[in-house]
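In our numbering, the protein residues as written are 82 to 391.
Structure first, commentary second.
Dropping the structure here:
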């Protein structure tokens, strides 16, 4: 597919990941006039009619919009995470079929995977059990999009693909303490601890839990590559393939931000799923994606952006 000749709808295109996807589309030769970004003030994707209105704006729909948040939000807003994401998922797929778009690219999540499976997570293990209870409502809301895409592919021929994205980070991330994920949350809290001369930084869990992290520009490249050339029903993992313990992550951030205090682990607080790492071989085999940004380099860029803008 020559994507330069296509018109794109990018839901969530004004958000953290979406902005980078739009920039990456431009790098691939898509003119900015052919990239439509619906805004939430005008389009509520929980409403089918609003979803249908945006479908006529492009040949290819990249659905990134989602209700997202950090661990605290997942603990306290489970119904919201399930309802909003499930409704958006089902409406977007149904509208894509009704309007007749050429291709639907749905962004899924690592939270769709079962809580207890072997590392690294393989696409074939996706249905091997129930997701981690804390993030299951979010994960299952997104997983509904995979089921819908597969059903509409079989019944109506909709070219719907599903990308299972690992945790992302980078410049422009969400640093709101109420909604941010591990990397931006720790960056903000380390600066606060340093500026207030705290003796220690308190972090949930015991530090042994680990996460795979993908730099946002690499994630955007993977999404555009998949939009260009991946057309199979099977979901596909998008990640870096590198796993880092939370303890190491916290120490790296403290070191780069020159925080001299120590880390105090609050083991009374839940730490989420213990390990997450994806098998990323299929993305490389199917459309040649491999993450290019070393973690320390990506982390430094993220810290520098935060210090400049906050």
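The beta carbon of each residue, even a glycine, is placed where N, CA and C say it ideally should be.
In terms of DSSP beta bridges, what is residue i paired with?
i           : result
residue 292 : 325
residue 346 : 284
residue 250 : 296
residue 318 : 245
residue 215 : Per DSSP, none; premise fails for residue 215.
residue 144 : 92, 187
residue 195 : 212
residue 359 : 202
Would residue i and residue j be called neighbours here (beta carbons separated by less than 7 angstroms)?
i           : j           : result
residue 143 : residue 228 : no
residue 106 : residue 172 : no
residue 283 : residue 347 : yes
residue 141 : residue 111 : no
residue 146 : residue 118 : no
residue 340 : residue 275 : yes
residue 205 : residue 354 : no
residue 358 : residue 215 : no
residue 294 : residue 248 : yes
residue 192 : residue 271 : no
residue 124 : residue 135 : yes
residue 151 : residue 266 : yes
residue 139 : residue 88  : yes
residue 252 : residue 383 : yes
residue 148 : residue 163 : no
residue 167 : residue 225 : yes
residue 332 : residue 291 : no
residue 256 : residue 306 : no
residue 317 : residue 364 : yes
residue 186 : residue 372 : no
residue 203 : residue 360 : yes
residue 289 : residue 246 : no
residue 287 : residue 97  : no
residue 222 : residue 279 : no
What does the Cβ neighbour count give for residue i, buried or exposed, with the cut at 16 atoms within 10 Å?
i           : result
residue 197 : exposed
residue 165 : buried
residue 362 : exposed
residue 122 : exposed
residue 170 : buried
residue 281 : exposed
residue 220 : buried
residue 298 : buried
residue 250 : buried
residue 181 : exposed
residue 296 : buried
The ligand ZN and residue i: does any heavy atom of the ligand fall closer than 6 angstroms to the residue's C-beta?
i           : result
residue 174 : The ligand ZN is not part of this structure, which contains no ligands at all.
Give a yes or no on contact between the region 228 to 235 and the region 195 to 212, applying the rule of three or more CB pairs nearer than 8 angstroms. no
With a floor of 3 residues, list each beta strand (DSSP E) that falls wholly inside the region 100 to 166, ordered by position along the chain. 141 to 144
Please confirm if the region 261 to 275 is in contact with the region 302 to 310, defined as three or more CB-CB distances below 8 angstroms between the two stretches. no
Counting pairs of Cβ atoms below 8 angstroms between the region 309 to 329 and the region 242 to 252, do you hit three or more? yes
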